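In my numbering, the protein residues as written are 29 to 960.
Every residue gets a Cβ at the ideal spot worked out from N, C-alpha and C, and that includes glycine.
Keep in mind the model is a prediction, meaning the values are calculated, not measured.
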């Protein structure tokens, strides 16, 4: 059976063969679909194939090796030959099992079998697209399946005698009948596949964040000096004075000295900084303490928080002081600020110390709820100033408490990076002071995408953290291949052995003189080439609006050969790394328009009638902008949740039936929507993912609301709802998401318009310039003006060498050229089905797609083995066969490896001091379980 199909929802049964005569069991037959493999019930959804023959006692289920990717076409195939069950995803064998034996069903029950497509008898249904369906009377080999895939892609049928039938579902009424509880037939939509052979998804490694963390992309920035061309970047120092333009936060001498030191540090790496100084005259702000890392809600919460322990907070509202018993009642509201009563315990002297008619509140008002308090946190300062973060890197000043915090920065992938809440916060005591100027250099490194050099050792959760750096790597630690692993270290030398070694005997040749270490100014003096490449990449990806130059972002990957004939060669290429397809216009929607003139936007404004936690955690703002939860399925304060307003003793529940709580999200540009995508990243264990969201309402510009009803979610996969044009044929400006789960968390929402959106109609498309050496007959380059990323060169001769580059044209500006493609016409290339080892190919499965065992760059993917030409790939780790190459690496297939000449001894008896029935000590005895 084979079936290519698109996006789904939990639990999804795409198709299956069931026994309709059995009243004792519902699992006889086979099922292909999507379901979670986690016992949590709402995470890790994967393709699965389950089978139970008529003679079997139990069902066998095999699953894909990873979660499914939503909103992507995929070719699925399953086979059973009487012994082996096999599951294929995009032609790769991803799972096998030999548990079932014999025929699927007895000849006596032939008439009891019913084939269902799109669901099962339990009303567990599939939501998505099915394009093609084939059913065979014999088990197809992997080679056959790969051949079938090619025929389906080319739109050809395969009239073979073993084929029972193949269905394109264009005439669904002729063969299929609807279920009796759902009499409507599936809708037929004519959707064209993207006309590209090339998979252009450039995913970051598991420890990365953006396309600049992709190994291939950052390799281009490392290797091509043109990608690191000189860039000028604007930054703005926010200097606060009193109302009379006196008493500045920092002096002009400090600003000038720091500016000089900044450019001295970055100029060797082709980055220069253009200074703007903004003088703010505001005595109220100048006379108040700005706290760098203290949450105001923690002041006076009966816990001593060191980051809030300052004289102008009353030592954390008295929490960090032993407060002696005071005759408070005698001094209460006596018209005098009594400092010995100025603590939260005594209601801050009954308000006397925050009365500007009585005292100097800039020195005595410690009450966090008073508008006259002597302190602000950084977020409050930024909200008062509301400086545009899209044109400059803003530099703010704030103090810390006991532990002198030198600075804080916003990473480029943070939601706040380009808005007024972004920027860098520095301690004015260190700014522009000799011996401390590298602090700003260090923080700017963070703003440009650099981690601490010790991230892979000292900033991990445990020594088993997958991001721990055991050797320099582009994929772990600080994601730089030229910084050796090191723990946190402030001395100008390699660190001595310590407690945070994680198995290291010593750390040698560590980057202690790197600007991203914690060493002093007299030690730090450089960035590494990999760090420089990352900074330039993020300047192209995120911070183009900080630069006076309007140069468009480049195409970071080499153009790819996808086909050839004796007289032509076909090329395809990747989009520019920022995926902007239209010329930028200030204040227009063009930045949000994608190919097809589809406007794609995240929520712009969020609100909820639920009160917010004073800390700002789990506030509606957490659902604005792009998704930023790093560990889905775990609580995260950077989301919206009704939980922020819950008082644990509240009865009835905070989100009572039938409506529950809701979050309202508005989008900047009202559009006629084609789809809505929502990131629900946490659902409490008390709720099933099918019930946690009990309704979603679309808010129409006309004033109408359209209810989409209850929705199912996985916490680690965004849920996309395809909207019915018959029901939603007018502009939508927002959505309301309703939940009965007070712990549910929403990270983001994205709305995509129908193609040819009116907001994108007037946007000027970028153009692509294809350059060749030797030149084309009519010049050295060809201009592609229709946003297509493909070109067929018909001016070629067999055996001749051609070199191609592609650049981006936006208005009068041109990007740097892509890495070059050198191609000898008629020779091999990645994707032709023949492994060219001289080109570095490890496999070649005749496609340019990732995730099928052989990557688009013809390299074997992790835990896959590829054989033959064209390559046939299978996921070997856990397939039940111990092969020679995996004896040392696969515990699942080969057990724990014991070197020759050694004998392993495992614990045979276990005694524990504390016993828990759920975690008995006996699990430690013997070898580790293969499935753990």
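(request) Compute the Euclidean distance between the alpha carbons of residue 334 and residue 349, then round it to the nearest angstrom. (result) Cα-Cα distance, rounded: 11 Å.
(message) Going by beta-carbon coordinates alone, are residue 901 and residue 886 separated by less than 9 Å?
(response) Result no, Cβ atoms of residue 901 and residue 886 do not sit closer than 9 Å.
(message) I need the straight-line Cα distance from residue 325 to residue 387, nearest angstrom please.
(response) 24 Å
(request) Compute the distance between the beta-carbons of residue 597 and residue 586, then report whether it is under 9 Å. (result) no
(request) Identify every residue that forms a DSSP beta bridge with residue 63. (result) 74
(message) Here's a check: name, in chain order, each residue in its chain whose Cβ is nearer than 8 Å to the Cβ of residue 872, leaving out the five neighbours to either side.
(response) For residue 872, where only same-chain residues beyond five positions count, the Cβ hits under 8 Å are 858, 859, 860, 861, 862, 863, 864, 882, 886, 897, 898 and 899.
(message) Can you tell me whether residue 144 is helix, strand or coil according to DSSP?
(response) strand
(message) Taking the alpha carbon of residue 261 as the reference point, which residue from 934, 299 and 268 has its own alpha carbon closest?
(response) Considering only 934, 299 and 268, the residue with the shortest C-alpha distance to residue 261 is 299.
(request) State the Cα-Cα distance for the pair residue 891 and residue 903, rounded to the nearest angstrom. (result) 6 Å
(message) Restricting to runs no shorter than 3 residues, where is the beta strand (DSSP E) found entirely within the segment 194-267?
(response) none
(request) Could you have a look at residue 836 and say whether DSSP puts it in helix, strand or coil? (result) strand
(request) Name the residue from 373, 392, 340 and 531 whose alpha carbon lies nearest to the alpha carbon of residue 364. (result) It is 392.
(message) Three Cβ pairs or more, each shorter than 8 Å: is that satisfied between the segment 253-273 and the segment 420-430?
(response) yes
(request) Tell me whether the beta-carbon of residue 469 lies closer than 9 Å to the beta-carbon of residue 290. (result) Contact: yes.
(message) Here's the rule I'm using: 16 or more other beta-carbon atoms within 10 Å means buried, otherwise exposed. How should residue 678 be labelled?
(response) Residue confidence is low: residue 678 scores 45 on pLDDT, short of 50, so the model does not pin down where it sits. Its coordinate-derived value is still stated next. Around the C-beta of residue 678, fewer than 16 other C-beta atoms lie within 10 Å, and the residue is accordingly described as exposed.
(message) I need the boundaries of the alpha helix (DSSP H) containing residue 852, first residue and last residue.
(response) Annotation for residue 852: no alpha helix (DSSP H) segment contains it, though the beta strand (DSSP E) segment containing it runs 849-852.
(request) With a threshold of 16 other CB atoms inside 10 Å of the CB of residue 314, please say whether the residue is buried or exposed. (result) buried
(request) Take the Cβ of residue 376 as the centre, count every other Cβ of all protein chains shown within 10 Å, and call the residue buried at 16 or more, exposed below. (result) Under this definition residue 376 is a buried residue.
(request) Name, in chain order, the residues that DSSP records as bridge partners for residue 299. (result) 259
(request) Go ahead and label residue 518 buried or exposed: buried means 16 or more other beta carbons lie within 10 angstroms of its beta carbon, across all protein chains shown. (result) exposed
(message) What would DSSP say about residue 581, mapped onto helix, strand or coil?
(response) coil
(request) Tell me whether residue 678 sits in a helix, a strand or coil according to DSSP, three-state version. (result) In this prediction, residue 678 scores a pLDDT of 45, lower than 50, which makes its location untrustworthy; the coordinate-derived value is nonetheless stated afterwards. Judged by DSSP in its simplified three-state form, residue 678 adopts coil rather than helix or strand.
(request) Kindly indicate which three-state DSSP category residue 39 falls into: helix, strand or coil? (result) Because the pLDDT of residue 39 is 45, which lies under 50, any placement of that residue in the model is unreliable, and the number read from its coordinates should be weighed accordingly. Three-state result, residue 39: coil.
(request) Starting from residue 307, follow its DSSP beta bridges and name the residues at the other end. (result) 267
(message) Within 10 Å of its beta-carbon, does residue 217 have 16 or more other beta-carbons around it, so buried, or fewer, so exposed?
(response) exposed
(message) Rounding to the nearest angstrom, what Cα-Cα distance links residue 948 and residue 935 in this structure?
(response) 14 Å
(message) On the CB-based measure, 16 or more other CB atoms within 10 Å of its CB, does residue 548 come out buried or exposed?
(response) exposed
(request) Let me know if residue 745 comes out buried or exposed under the rule of 16 or more other beta-carbons within 10 Å of its beta-carbon. (result) buried
(request) With distances taken Cα to Cα, identify the nearest neighbour of residue 390 among 722, 440 and 317. (result) 317
(request) Measure the Cβ-Cβ separation of residue 485 and residue 514 and say whether it is below 9 Å. (result) Yes. Within cutoff.
(request) Just the C-alpha distance for residue 169 and residue 893, rounded to the nearest angstrom, thanks. (result) For residue 169 and residue 893, the gap between their C-alpha atoms comes out near 17 Å.
(message) I'd like the span of the alpha helix (DSSP H) that includes residue 294, first residue to last.
(response) 280-294
(request) Counting only the same chain and skipping the five closest in sequence on each side, list residues whose C-beta sits under 6 Å from that of residue 311. (result) Beyond the five residues adjoining it in sequence on each side, residue 311 comes within less than 6 Å, by CB distance, of 270 and 271 in the same chain, given in chain order.
(message) With DSSP as the reference, identify every bridge partner of residue 747, one or two as the case may be.
(response) 706
(request) Taking only the alpha-carbon atoms, compute the straight-line gap between residue 398 and residue 382 and give it to the nearest angstrom. (result) Their backbone Cα atoms lie some 7 Å apart in a straight line.
(message) Considering just the uninterrupted stretch of the beta strand (DSSP E) at residue 103, what are its terminal residues?
(response) 102-108
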